[in-house]
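A.B. asks: The sequence shown begins at 70 in this note's numbering and counts up by one. Beta carbons: idealized from backbone N, C-alpha and C, even for Gly.
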Amino acid sequence: MEEIGRVDRGGMLAELLRFPERCEEALSLPVRVGRRRVAKVVLAGMGGSAIAGDLLRDWLDPPFPLEVCRGYHLPRWVGRDTLVVAVSYSGNTEETLSCLSEALGRRAEVVGISSGGRLEERCLEKRIPHVKVPGGMMPRVALPFLFFTSLNVLRAKGLVRVGRKELEEALEALRGLRRRISPAVGGNPAEEAAERLKGTLPFIYAPAELAGAALRLKTQLNENSKVPAKVELLPELCHNEIVGLRSSPEPVSFVLLHSGEEDRRMGARMEFVRELLRGRRVVELVGEGRGRLARLLTLVYLGDFLSFYLAVKRGVDPTPVPEIEELKRRLSQL
Numbered sequence: 070m071e072e073i074g075r076v077d078r079g080g081m082l083a084e085l086l087r088f089p090e091r092c093e094e095a096l097s098l099p100v101r102v103g104r105r106r107v108a109k110v111v112l113a114g115m116g117g118s119a120i121a122g123d124l125l126r127d128w129l130d131p132p133f134p135l136e137v138c139r140g141y142h143l144p145r146w147v148g149r150d151t152l153v154v155a156v157s158y159s160g161n162t163e164e165t166l167s168c169l170s171e172a173l174g175r176r177a178e179v180v181g182i183s184s185g186g187r188l189e190e191r192c193l194e195k196r197i198p199h200v201k202v203p204g205g206m207m208p209r210v211a212l213p214f215l216f217f218t219s220l221n222v223l224r225a226k227g228l229v230r231v232g233r234k235e236l237e238e239a240l241e242a243l244r245g246l247r248r249r250i251s252p253a254v255g256g257n258p259a260e261e262a263a264e265r266l267k268g269t270l271p272f273i274y275a276p277a278e279l280a281g282a283a284l285r286l287k288t289q290l291n292e293n294s295k296v297p298a299k300v301e302l303l304p305e306l307c308h309n310e311i312v313g314l315r316s317s318p319e320p321v322s323f324v325l326l327h328s329g330e331e332d333r334r335m336g337a338r339m340e341f342v343r344e345l346l347r348g349r350r351v352v353e354l355v356g357e358g359r360g361r362l363a364r365l366l367t368l369v370y371l372g373d374f375l376s377f378y379l380a381v382k383r384g385v386d387p388t389p390v391p392e393i394e395e396l397k398r399r400l401s402q403l
């Protein structure tokens, strides 16, 4: 795609190509946690920080409550038996800082994750464990650090066990996918999918266990491609959304996400949705690799590249997010 150099002035492609190496680097970051036993976990964050928590929950399906908190206030049940992981790439996300203050007030165990900012300052001031991730990135491309650092916090607490083999398989699957969807490969699946989505409003459909991947794709389409998008999950959408599919107005496109391991009943629901969408613009994205983590992360990575190619095809630089920056500026004046 010759237009990449002209459109991608912020260097998003270079960031995407580093994704597998950043996953590997994130796994090696040192993590320190307290010794208190906890029964519940809340990951407090916004945007990409929160999506890291969604992906963890979807992948691990842990035997303890793991809730992602998007907002200013923690759930009322948070207390001494709860681990609150406060995640903000910049360290200055006001909602996350509010949750941090509430967690301290309720005597929950707290770990902070950021590249610096007020979150790091508060953790140092209160002598709370803090994991510092590399700075200088856009929050949305820092997902590998936010995801794997949050994972390592749970591992350090003894809450989850993850074998090295599963991690290595995921890294290898990401590298393999990169070779097939980089711009050097003409007609690659991510670029072809972007072409089908061009000029449409994307509807993203996914099984509930892929909610995090679906939301990640939506937000990448929002921020990189500069288009609105919506997410609906199966089986819930089979109880309402399917009624209007045959008569939905154009221009709409549909993105179906798969892990490659859906059970028979979920597969039957997906097949019925396909039947309703015959003749419409449909893109199917499927996770790759041997393990659940590999399939989840390759699905995310494929969606990231799709959003990049769609931005290029629309002639918009994927990097700037002026509306978000303007809102932050206005809030800072309150």
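Leaving aside the five residues before and after F341 along the sequence, list all residues of the same chain whose C-beta is less than 8 Å from its C-beta, in chain order.
C.D. replies: Closer than 8 Å at the Cβ level, and outside the excluded window around F341, lie C307 and I311.
A.B. asks: Excluding sequence positions up to five away, which residues of its chain have a Cβ less than 7 Å from the Cβ of G204?
C.D. replies: Once the five neighbours on either side are set aside, the close Cβ partners of G204 are S184 and G185.
A.B. asks: Taking the C-alpha atoms as reference points, what is the distance between L86 and P213?
C.D. replies: Cα to Cα, L86 sits roughly 12 Å from P213.
A.B. asks: Rounded to the nearest angstrom, what separates V55 and R145 at their Cα positions?
C.D. replies: The shown model of the chain, from 70 to 403, leaves out residue 55, and the question about it has no answer.
A.B. asks: Rank V351, R265 and L366 by C-alpha distance to the C-alpha of G358 and give the top, closest one.
C.D. replies: For the residues V351, R265 and L366, the minimum Cα distance to G358 belongs to L366.
A.B. asks: Please determine, among R338, N293 and T151, the residue with the shortest C-alpha to C-alpha distance to G372.
C.D. replies: Comparing Cα-Cα distances from G372 to each of R338, N293 and T151, the minimum goes to N293.
A.B. asks: Taking the alpha helix (DSSP H) that L228 falls in, what are its first and last residues?
C.D. replies: No alpha helix (DSSP H) contains L228, which DSSP labels as neither H nor E.
A.B. asks: With 16 as the cutoff for other CB atoms within 10 Å, does H142 come out buried or exposed?
C.D. replies: Exposed, since its Cβ has fewer than 16 Cβ neighbours within 10 Å.
A.B. asks: Apply the 10 Å Cβ neighbour rule to A108 and answer buried if 16 or more other Cβ atoms are within range, or exposed otherwise.
C.D. replies: Per the 10 Å Cβ criterion, exposed.
A.B. asks: Could you check what DSSP says for I197 in three-state terms: helix, strand or coil?
C.D. replies: Residue state, collapsed to three classes: coil.
A.B. asks: Considering Cα atoms alone, identify which of A155, L169, L270 and P318 is closest to K295.
C.D. replies: Here the closest residue by C-alpha is L270.
A.B. asks: Please state the DSSP three-state secondary structure of A363.
C.D. replies: If DSSP states are grouped into helix, strand and coil, A363 belongs with the helices.
A.B. asks: Is the number of C-beta pairs between the stretch 334 to 353 and the stretch 232 to 239 that are closer than 8 Å three or more?
C.D. replies: Cβ pair count under 8 Å is below three, so no.
A.B. asks: Measuring CB to CB, does A298 end up less than 8 Å from N291?
C.D. replies: Taking 8 Å as the Cβ cut-off, A298 and N291 qualify as a contacting pair.
A.B. asks: Taking the alpha-carbon positions, what's the S401 to P208 distance?
C.D. replies: Approximately 19 Å, taken between the alpha carbons.
A.B. asks: Relative to the C-alpha of S159, which residue among L215, G174 and R105 is closest?
C.D. replies: Among L215, G174 and R105, the Cα nearest to that of S159 belongs to L215.
A.B. asks: Quick one: what's R350 bridged to in DSSP?
C.D. replies: Its beta-bridge partners are S322.
A.B. asks: Evaluate K226 with the Cβ neighbour count: other Cβ atoms within 10 Å of its Cβ, from every protein chain shown; 16 or more gives buried, anything less gives exposed.
C.D. replies: Buried: at least 16 other Cβ atoms inside 10 Å.
A.B. asks: Are the beta-carbon atoms belonging to V76 and G384 less than 8 Å from one another?
C.D. replies: Yes.
A.B. asks: Please tell me whether G114 and G103 are closer than 8 Å, where the distance is taken between their beta carbons.
C.D. replies: No, Cβ-Cβ distance for G114 and G103 is not below 8 Å.
A.B. asks: Identify, in the order they occur along the chain, each residue of the same chain with its Cβ nearer than 6 Å to the Cβ of E301, setting aside the five sequence neighbours on each side.
C.D. replies: Cβ within range, chain order: Y274 and E310.
A.B. asks: Counting pairs of Cβ atoms below 8 Å between the stretch 125 to 136 and the stretch 239 to 249, do you hit three or more?
C.D. replies: No contact exists between the stretch 125 to 136 and the stretch 239 to 249.
A.B. asks: DSSP has E340 in a bridge; who is on the other side?
C.D. replies: E340 pairs with nothing; no bridge assigned.
A.B. asks: Report all residues from its chain with a CB closer than 6 Å to the CB of L96; omit the five preceding and five following residues, and keep chain order.
C.D. replies: The residues are F217.
A.B. asks: Can V355 and G329 be called in contact, C-beta distance under 8 Å?
C.D. replies: In this structure, G329 lies closer than 8 Å to V355 by Cβ.
A.B. asks: Work out the CA separation of A262 and L173 for me, nearest whole Å.
C.D. replies: Approximately 46 Å between the Cα atoms of the pair.
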